[in-house]
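Residues in the sequence shown are numbered from 48 upward in steps of one, following the working numbering. The C-beta atom is built at its ideal place from N, Cα and C for all residues, glycine as well. These notes concern the structure reproduced below.
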Amino acid sequence: MPAASRPDAIATPDLVPDPAGDRAVTAVTPFALTDRRPVVPAERLVAEMVPPPRFSDVSFGSYLPDRTQPSQYEAVQVLEEFAAGLNHASTAPKRSWFRRTAPAPAGPSGVYLDGGYGVGKTHLLASLWHATPGPKAFGTFVELTNLVGALGFQQAVRTLSGHRLLCIDEFELDDPGDTVLVSTLLGRLVENGVKLAATSNTLPDKLGEGRFAATDFLREIQGLAAHFRPLRIDGQDYRHRGLPEAPPPYTDEAVVAAAGRTPGASLDSFDDLLKHLSVVHPSRYGALLDDVGAVFLRGVKPVEDQSTALRLVVLADRMYDRELPVTASGVPFDQVFSEEMLRGGYRKKYLRAVSRLVALARDSAKVG
48 MPAASRPDAI
58 ATPDLVPDPA
68 GDRAVTAVTP
78 FALTDRRPVV
88 PAERLVAEMV
98 PPPRFSDVSF
108 GSYLPDRTQP
118 SQYEAVQVLE
128 EFAAGLNHAS
138 TAPKRSWFRR
148 TAPAPAGPSG
158 VYLDGGYGVG
168 KTHLLASLWH
178 ATPGPKAFGT
188 FVELTNLVGA
198 LGFQQAVRTL
208 SGHRLLCIDE
218 FELDDPGDTV
228 LVSTLLGRLV
238 ENGVKLAATS
248 NTLPDKLGEG
258 RFAATDFLRE
268 IQGLAAHFRP
278 LRIDGQDYRH
288 RGLPEAPPPY
298 TDEAVVAAAG
308 RTPGASLDSF
318 DDLLKHLSVV
328 HPSRYGALLD
338 DVGAVFLRGV
348 KPVEDQSTAL
358 RLVVLADRMY
368 DRELPVTASG
378 VPFDQVFSEE
388 MLRGGYRKKY
398 LRAVSRLVAL
408 ARDSAKVG
């Protein structure tokens, strides 16, 4: 890990008397995420375009389809065939990114996994990545746009054109600028022979609906859809399949006490953390969590504005990627986003974040 991206303060353990008087227990001084100002070189953004730790060892064989959902079995079969095609693809040199070339072959250049939350789309996408020879890249839609911002468009095209496969998780079109940017980028990559795979909660030809005037960007959206073969994956959120309800929030005192006996703990006021996220670029939220073993939050409450809510969504994704238990006081995480927000254009983002935060809150029992 680059030294520039490491936090300055790390929790330090001390031995303190046990209240029962018969043993010593280890106490730590939690650090605050709000004290961190991570700097992430562009090289790290490229090097980290791999599946997150949660999916570092997954495969098609480890995916457990729901027996009542035939579409899940079909998706595995299609992706296995897609991976086999990439493994036996021609090794002819790729076309130059800067030279006008012949049109790309007709037909889809990738697969698009559409479905609800927790049906295993990311598991399958990561399995495809693991089953495909390199060079290859894996990242969320936000990480992809951040990479373009860090490298510049032309350098991003050059860098990604050297890859056999680009996997894009959580495909989102949050504003018109991103629509044009990603449409153009993927078009250039397809021209250079890069195969694509993506996940989202919205079919390709429905991207952007409810968020901006989709008719103004219909051409770009249709262009994106043409690159993919859509695969619908039905089923219910596995994170809530047969699992207990999310635990009730802890008290402030319990949160502080648990943080004080957990190595690698971060401890923050929810309000302060949300303010801090506004001055840290979302591309650095992953680095913000470097060396964190568990997250402790005091005073979780409903988020009042959309910009703050969207930043919280990105942080929730990064915490989920790293499987960080979240111990919190205040309101339950299913009450963080207002009913108005959940009815709006970012509904699916917020529901995904709730699903992941609730899952991490369940894991608080491991440390709380």
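In this structure, R279 places its C-beta atom within 8 Å of the C-beta atom of G162.
If you check the CB distance, H274 and L243 come in under 8 Å. Boundaries of the beta strand (DSSP E) around G157: G157 to G162. As for any beta strand (DSSP E) of minimum length 3 sitting wholly inside the segment 288–331, the runs are 312–316, ordered along the chain. Burial state of H210 is buried, judged by a 10 Å Cβ sphere holding 16 or more other Cβ atoms. Cβ neighbours of S313 within its own chain (closer than 7 Å, five residues either side excluded): P77, F78, A79, L80, V339, V342 and F343. For the options E90, G240 and R101, the alpha carbon positioned closest to that of P372 is the one of R101. For V361, the CB contacts under 7 Å within the same chain, skipping 5 residues up- and downstream, are V189, P329 and Y332 in chain order. Closest by C-alpha distance to A301, out of T374, E121 and S316, is T374.
Taking L207 as the centre and dropping the five residues before and after it, the same chain places the C-beta of A184, L213, L236 and V241 closer than 7 Å to its C-beta, in chain order. Annotation: the continuous alpha helix (DSSP H) that includes T231 extends over P223 to E238. DSSP places D216 outside any alpha helix (DSSP H); the residue lies instead in the beta strand (DSSP E), whose first and last residues are L212 to D216.
DSSP places K168 inside the alpha helix (DSSP H), whose first and last residues are K168 to A178. If you draw a straight line from the Cα of T249 to the Cα of G282, it is about 15 Å long. Under the three-state reduction of DSSP, G270 is assigned to helix. Non-local C-beta neighbours of V105 in its own chain, meaning closer than 6 Å and more than five positions away in sequence, comprise H170, A173 and S174, ordered along the chain.
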